[in-house]
Amino acid sequence: MEVTFNAWDVSRYGGPAVLKPVTRPVPTPKAGQVLVRIRASAVSRADGMMRAGQPKFARLFLGLSRPRAGLVGTCFSGDVVAVGDNVTQFRVGDAIFGEAGLQFGANASHICIDEGGSILKKPDTVTYEEAATLFDGAMTSWHFLTRVVQVQPGDRVLILGGSGSLGTAAIQFAKALGATVAASASARNADLLRSIGADHVVDYRAEDPLTRGAGYDVVFDTLGISSYRAARPALGQGGRYMCPVLGLGLLRDMILTACIGHKKAKFAAAGMSKPQVHREELSEVLALMAENRFSPVMDRSYPLSDLVEAHEYVETGRKRGNVVVV
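If you want the working numbering, it's the position in the sequence shown, counting the first as 1, plus 510.
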């Protein structure tokens with residue numbers, strides 16, 4: 511009798527309704543692969559953008575007319591249940607977490623992943639739900655703050671979109687790096703942001719967080735809700751605006767500021783870094799967690815069978831921190 515696993519298919523670009531539950535044969539891990547029984551997987555804003563094929567130039571990587579991978583989900587945690595030949599770093603029973611990347615398929619009950627890919631062993635002190643989120647908000651924010659702009663003690667950092675998965679991680683990381691942190695959010699999230707380290711919270715519905723002359727060393731636009739040109743008056747001498755959402759405007763400003771001026775526009779595709787870089791950065795994040803200097807903010811979890819509902823909730827823009835399916 512064939513053994514199957516549960517997954518979610520995305521055969522065309524669109525809203526959450528394009529997601530369809532499917533069953534597939536459980537794969538046998540090839541040489542150098544491990545088979546993981548997934549305990550939790552993330553549902554992020556980036557997952558929704560890839561499901562919708564947005565921005566459209568991303569379809570060069572995802573599939574021009576329809577999603578090439580066919581399955582959804584990038585970040586997961588779970589237990590190794592089988593190993594292929596020549597696997598040396600993991601064994602059956604290991605709890606691990608990781609990122610499927612452009613292979614996708616993390617919103618499922620099982621996945622095969624290369625041993626040398628973006629996977630690490632999960633510490634006992636980190637829950638499966640927390641671990642499933644680390645390759646999204648945490649790693650991306652850590653990469654931008656430490657690799658892209660190298661935040662230093664005493665820097666003034668503004669986080670736009672402070673209540674999301676990237677924002678709640680960025681606030682904690684910027685504080686751990688010794689910065690003074692301001693963050694924008696709705697009034698209902700102000701107490702949350704202060705509780706995780708924000709020195710100042712700006713209610714974006716009542717005032718513009720990009721105050722001219724504010725003198726920020728870094729503006730981290732976690733959601734792509736602003737632009738370098740809007741942020742420029744709020745940047746100090748040598749200030750940097752950075753955003754993980756690449757559009758034509760940001761690309762233009764990156765090219766221009768690379769050539770002229772002291773203020774810079776920055777972008778990096780953190781998820782496209784080599785697995786070795788991912789493992790290095792996540793090891794640093796785990797060290798901060800062990801020191802109680804960072805903790806993922808968890809909003810809610812859904813059963814895997816309710817993935818459509820989870821995507822719909824994320825698209826409301828009201829999530830606080832991270833959403834997972836289990």
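Where a beta carbon is used, it is the ideal one built from N, C-alpha and C, also for glycine. Source: prediction; values computed, not measured.
Please state the DSSP three-state secondary structure of residue i.
i	result
Asp634	coil
Cys753	coil
Asn516	strand
Val658	helix
Ala681	Here the sequence assigns Ile to residue 681, which means Ala is not the residue at that position. The answer is helix: DSSP assigns Ile681 an H, G or I state.
Gly831	strand
Thr643	helix
Val667	strand
Asp816	helix
Asp604	coil
Asp718	coil
Tyr726	strand
Can you tell me which residues form a DSSP beta bridge with residue i?
i	result
Glu609	Cys585
Pro531	Trp518
Met808	Asn832
Ser694	Val712
Ala592	Leu545
His620	Arg547
Ile735	Answer by DSSP bridge pairing: none, since Ile735 is not bridged.
Gly674	Gly831
Rounded to whole angstroms, how far is the Cβ of residue i from the Cβ of residue j, which I believe are closer than 8 Å?
i	j	result
Val661	Lys776	About 12 Å; that fails the 8 Å criterion.
Asn832	Met799	The pair is not a contact, with the Cβ atoms about 14 Å apart (cut-off 8 Å).
Phe515	Thr533	7 Å
His788	Arg561	Contact flag wrong, Cβ pair sits at about 22 Å.
Ser683	Leu702	For the sequence presented, residue 683 should be read as Phe rather than Ser. Not quite, the Cβ-Cβ distance comes to about 16 Å (not below 8 Å), so this is no contact.
Val729	Ala741	5 Å
Asp713	Ala697	5 Å
Asn617	Val836	Between Val836 and Asn617 the Cβ distance is about 11 Å, and since that is not below 8 Å, they are no contact.
Check the Cβ-Cβ distances between residue i and every residue of chain B, and say whether any is below 9 Å.
i	result
Met799	Note that chain B does not occur in the displayed structure, where there is just one protein chain.
Touching by the beta-carbon criterion (3+ pairs, under 8 Å), the segment 656–667 and the segment 685–702: yes
Stretch-stretch touch, CB-based, cutoff 8 Å, three pairs: the segment 585–600 with the segment 564–571: no
Validate contact between the segment 675–689 and the segment 634–652 using beta carbons, cut 8 Å, 3 pairs: Taking 8 Å as the limit for Cβ pairs, the verdict is that the segment 634–652 does touch the segment 675–689.
Three CB pairs or more closer than 8 Å across the segment 572–579 and the segment 601–618: yes
Segments of 4+ residues assigned as alpha helix (DSSP H) that fall wholly inside the segment 739–789: Runs found: 758–769.
Beta strand (DSSP E) segments (min. 3 residues) lying fully within the segment 538–573: 543–552
Any 3 or more C-beta pairs closer than 8 Å across the segment 583–594 and the segment 537–554: Yes, since at least three Cβ pairs between the segment 583–594 and the segment 537–554 fall closer than 8 Å, the two stretches touch.
Touching by the beta-carbon criterion (3+ pairs, under 8 Å), the segment 515–531 and the segment 735–752: no
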